[in-house]
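Chains as they are written, first to last, in my numbering: chain W, 1 to 267; chain H, 1001 to 1267.
Note that CB positions come from ideal geometry on N, CA and C, so glycine has one too.
See structure below.
2 protein chains.
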Amino acid sequence: MEQIAPRTVKSPKFNRALPGVYLIGAGPGAADLITVRGARILADADIVFYDALIDISMLAWCSGTKLVQVGKRCGAHSSSQHFINKQLVDAARKYSVVVRLKGGDPLIFGRAQEEIDALEKANVRYEIVPGITTALAASAELKQPPTTRELSRTLTLTTLPGRCTHADHKTAIFYMVRDQLSEVATTLIAQGHSADTPVCLMESVSLPVQRSFGCTLNELLLGDIQHHFLDRQPVVVMVGEVYRKKLQTLTPLIDSQIHFNVLQAAS
Amino acid sequence: MEQIAPRTVKSPKFNRALPGVYLIGAGPGAADLITVRGARILADADIVFYDALIDISMLAWCSGTKLVQVGKRCGAHSSSQHFINKQLVDAARKYSVVVRLKGGDPLIFGRAQEEIDALEKANVRYEIVPGITTALAASAELKQPPTTRELSRTLTLTTLPGRCTHADHKTAIFYMVRDQLSEVATTLIAQGHSADTPVCLMESVSLPVQRSFGCTLNELLLGDIQHHFLDRQPVVVMVGEVYRKKLQTLTPLIDSQIHFNVLQAAS
Chain W
1 MEQIAPRTVK
11 SPKFNRALPG
21 VYLIGAGPGA
31 ADLITVRGAR
41 ILADADIVFY
51 DALIDISMLA
61 WCSGTKLVQV
71 GKRCGAHSSS
81 QHFINKQLVD
91 AARKYSVVVR
101 LKGGDPLIFG
111 RAQEEIDALE
121 KANVRYEIVP
131 GITTALAASA
141 ELKQPPTTRE
151 LSRTLTLTTL
161 PGRCTHADHK
171 TAIFYMVRDQ
181 LSEVATTLIA
191 QGHSADTPVC
201 LMESVSLPVQ
211 RSFGCTLNEL
221 LLGDIQHHFL
231 DRQPVVVMVG
241 EVYRKKLQTL
251 TPLIDSQIHF
261 NVLQAAS
Chain H
1001 MEQIAPRTVK
1011 SPKFNRALPG
1021 VYLIGAGPGA
1031 ADLITVRGAR
1041 ILADADIVFY
1051 DALIDISMLA
1061 WCSGTKLVQV
1071 GKRCGAHSSS
1081 QHFINKQLVD
1091 AARKYSVVVR
1101 LKGGDPLIFG
1111 RAQEEIDALE
1121 KANVRYEIVP
1131 GITTALAASA
1141 ELKQPPTTRE
1151 LSRTLTLTTL
1161 PGRCTHADHK
1171 TAIFYMVRDQ
1181 LSEVATTLIA
1191 QGHSADTPVC
1201 LMESVSLPVQ
1211 RSFGCTLNEL
1221 LLGDIQHHFL
1231 DRQPVVVMVG
1241 EVYRKKLQTL
1251 TPLIDSQIHF
1261 NVLQAAS
């Protein structure tokens, strides 16, 4: 079947966002990796509460909107979750379109349940707009599917260093374990993964400062891990046989110390 | 920190797409759940090869673009993967911006590896644009995070009916198992999941025809499964303790037979 799209059609039509609170996934960082729905609601928003992790260029979608930074950034300043919940409920009573902009997907390791509970308790109308979670954006940047028909038909996303308990060639992607890398390696090896299992690490996925490194589980045990990565930048850790071929194309993690020193000196 | 976005800024600026092949994730179905990057490249495309699963409204992003339907739709017509690979490589030699539009995320259970291999072998420049995978869109529609700090910090995505082997309250989301629902239930129960474990099923996620049902693993064993869902519509199956509260708000799967009969009669 072959056809030509009409030249007159510009883009699907949308109505203005209905009043309410929108939990919107900003995606991994790049401003154009938010969904069209997310960007359009940002343009309609009266007030936006955004995570400190959000890349600031994302806020260019807003126009004349009140912007409030909340949330945390790897160990630095954080608004308490309770206070964020209260701010959302208060804003819903004062403004028409309220946005809570969260990094990645709002429902993947984003503590959205607490915000949802607060909004439901206060009887506030709300919607959730999904976002590209970091694991998928990192896979796209790496050009490597985390699952393939031959090697793995299962993908596990986790924040727990030792939770991927299958050594049967399936793939695990770890979030928020940048300070527990040797724990990830130790546990996976203890659970039966080969010490030779490939690992890809990606920092600041989709942003201009993105860096990626490769190693094996065994190499992940070595070295002074906190010297590999920049302060406060999120890191995603991909583990599995599917990454074997990519490993040859990546900067070895062992060399990241050099990168790190150069970046430190420049900053 | 509080600030106001400047009224003059409209949206971030982007350049025209560079020549090459783009594997773009269309997201779950709704035209505005594609990423901004994906929509902009579609607008620049000379030719688009799209999955039969893509909702046609998505193609409104294209203008004056050659549209070619490829791929398969739950057991119906399918172009062979080998033929799709060849079409992409041939198109890259003839056109500047070639798009391969795939449902969901291109790298999650999308057979992208075969297309990537073909493009690399032919030395064709290509990029991957991630998309909202169905599990995340279904979670947003359900307003239920698949992971919560209390009940589950691990999410497994799989196409294998029996692959989620942990009964420790973690969450599994199954793709492409609509014809193996009783196998999913049998295997999970045999692996130690309680027969009472909550299950949410969602058909045609994010589209106007979206329907969702709830049951327990035990109830998933009963009934004539192929009568629950419409032909060729994709179904996602979410299993885990996190869905316990939602279960009360969903139409019981056991009642879906009535819905099915009404829909059948109307078509």
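7 Å Cβ cutoff met for residue i and residue j
{"i": "isoleucine 1024 of chain H", "j": "valine 1098 of chain H", "result": "no"}
{"i": "tyrosine 1126 of chain H", "j": "leucine 1136 of chain H", "result": "no"}
{"i": "valine 205 of chain W", "j": "threonine 134 of chain W", "result": "yes"}
{"i": "serine 1080 of chain H", "j": "aspartate 1046 of chain H", "result": "no"}
{"i": "alanine 1017 of chain H", "j": "isoleucine 1041 of chain H", "result": "yes"}
{"i": "cysteine 215 of chain W", "j": "leucine 181 of chain W", "result": "no"}
{"i": "alanine 1052 of chain H", "j": "glycine 1071 of chain H", "result": "yes"}
{"i": "arginine 1178 of chain H", "j": "phenylalanine 1213 of chain H", "result": "no"}
{"i": "threonine 1187 of chain H", "j": "tyrosine 1175 of chain H", "result": "no"}
{"i": "valine 1021 of chain H", "j": "leucine 1088 of chain H", "result": "yes"}
{"i": "isoleucine 1128 of chain H", "j": "alanine 140 of chain W", "result": "yes"}
Rounded separation between residue i and residue j - CA only
{"i": "arginine 68 of chain W", "j": "glutamine 1003 of chain H", "result": "Checking the sequence shown, residue 68 of chain W turns out to be valine, not arginine. Approximately 7 Å between the Cα atoms of the pair."}
{"i": "threonine 1171 of chain H", "j": "lysine 1094 of chain H", "result": "46 Å"}
{"i": "cysteine 62 of chain W", "j": "aspartate 44 of chain W", "result": "8 Å"}
{"i": "isoleucine 189 of chain W", "j": "leucine 217 of chain W", "result": "7 Å"}
{"i": "alanine 122 of chain W", "j": "glycine 64 of chain W", "result": "27 Å"}
{"i": "isoleucine 1084 of chain H", "j": "threonine 1035 of chain H", "result": "24 Å"}
{"i": "proline 19 of chain W", "j": "aspartate 90 of chain W", "result": "14 Å"}
{"i": "arginine 1037 of chain H", "j": "glycine 1131 of chain H", "result": "10 Å"}
{"i": "leucine 207 of chain W", "j": "arginine 153 of chain W", "result": "29 Å"}
{"i": "alanine 1039 of chain H", "j": "aspartate 1196 of chain H", "result": "43 Å"}
{"i": "glycine 192 of chain W", "j": "glutamate 150 of chain W", "result": "20 Å"}
{"i": "threonine 249 of chain W", "j": "valine 184 of chain W", "result": "23 Å"}
{"i": "valine 209 of chain W", "j": "glycine 1104 of chain H", "result": "27 Å"}
{"i": "cysteine 74 of chain W", "j": "leucine 1247 of chain H", "result": "Below a pLDDT of 50, predicted positions are generally treated as unreliable, and cysteine 74 of chain W, at 47, falls in that range; no measurement from the model is reported."}
{"i": "glutamate 1114 of chain H", "j": "glutamine 233 of chain W", "result": "33 Å"}
{"i": "isoleucine 1173 of chain H", "j": "phenylalanine 1049 of chain H", "result": "28 Å"}
{"i": "tyrosine 243 of chain W", "j": "proline 1161 of chain H", "result": "24 Å"}
{"i": "isoleucine 1116 of chain H", "j": "lysine 66 of chain W", "result": "43 Å"}
{"i": "alanine 1112 of chain H", "j": "serine 194 of chain W", "result": "26 Å"}
{"i": "arginine 211 of chain W", "j": "aspartate 255 of chain W", "result": "12 Å"}
{"i": "leucine 1222 of chain H", "j": "histidine 1082 of chain H", "result": "39 Å"}
{"i": "leucine 220 of chain W", "j": "threonine 251 of chain W", "result": "14 Å"}
{"i": "glutamate 86 of chain W", "j": "asparagine 1015 of chain H", "result": "In the sequence on display, residue 86 of chain W carries lysine and not glutamate. If you take the alpha carbons of lysine 86 of chain W and asparagine 1015 of chain H, they lie about 40 Å apart."}
{"i": "lysine 1245 of chain H", "j": "aspartate 1231 of chain H", "result": "29 Å"}
{"i": "valine 1124 of chain H", "j": "valine 124 of chain W", "result": "50 Å"}
Sheet register partners of residue i (DSSP bridge)
{"i": "proline 1234 of chain H", "result": "Bridge partners of proline 1234 of chain H: none, in fact."}
{"i": "isoleucine 1004 of chain H", "result": "W:Lys66"}
{"i": "proline 1198 of chain H", "result": "H:Thr1216"}
{"i": "arginine 100 of chain W", "result": "W:Leu23 and W:Phe49"}
{"i": "threonine 158 of chain W", "result": "W:Phe174 and H:Thr1154"}
{"i": "valine 1239 of chain H", "result": "H:Ala1172 and H:Val1199"}
{"i": "glutamate 1308 of chain H", "result": "Missing from the structure shown is residue 1308 of chain H; chain H here goes from 1001 to 1267 and no further."}
{"i": "arginine 211 of chain W", "result": "W:Glu203"}
{"i": "threonine 35 of chain W", "result": "H:Thr1035"}
{"i": "proline 1252 of chain H", "result": "H:Gly1214"}
Heavy atom of the ligand NAD within 6 Å of residue i beta-carbon
{"i": "serine 63 of chain W", "result": "Among the components of this structure there are no ligands whatsoever, and the ligand NAD is therefore not found."}
Cβ of residue i within 7 Å of any chain A Cβ
{"i": "arginine 1153 of chain H", "result": "In the structure shown, chain A does not exist; the protein chains are W and H."}
Quiz prompt | Contact the stretch 198 to 212 of chain W vs the stretch 231 to 247 of chain W: 3+ CB pairs below 8 Å | solution = yes
Quiz item: Are the stretch 52 to 71 of chain W and the stretch 30 to 40 of chain W touching, with three or more C-beta to C-beta distances below 8 Å?
Solution: yes
Exercise. Would you check if there are 3 or more beta carbon pairs closer than 8 Å linking the stretch 1144 to 1154 of chain H to the stretch 101 to 109 of chain W?
Key: yes
Practice problem: Can you give me, in chain order, the residues of the stretch 1232 to 1253 of chain H that have a beta carbon less than 9 Å from any beta carbon in chain W? | Solution: Val1242
Quiz prompt | Contact list for the stretch 1094 to 1111 of chain H against chain W, Cβ threshold 8 Å | solution = Asp1105, Pro1106, Leu1107, Ile1108, Phe1109, Gly1110 and Arg1111
Quiz item: Quick one, which residues of the stretch 26 to 39 of chain W are near chain H if we go by CB-CB under 9 Å, in chain order?
Solution: Gly27, Pro28, Ala30, Ala31, Asp32, Leu33, Ile34, Thr35, Val36, Arg37, Gly38 and Ala39
Self-check item: Cβ-based contacts, 7 Å cut-off: residues of the stretch 1119 to 1146 of chain H near chain W
Solution: Ile1128, Val1129, Pro1130, Ile1132, Thr1133, Leu1136, Ala1137, Ser1139, Ala1140, Lys1143, Pro1145 and Pro1146
Self-check item: Proximal residues, the stretch 190 to 202 of chain W versus chain H, C-beta separation under 7 Å
Solution: none
Practice problem: Determine which residues of the stretch 1051 to 1066 of chain H have a Cβ less than 7 Å from any Cβ of chain W, and write them out in chain order. | Solution: Ser1057, Leu1059, Ala1060, Trp1061, Cys1062, Ser1063, Gly1064, Thr1065 and Lys1066
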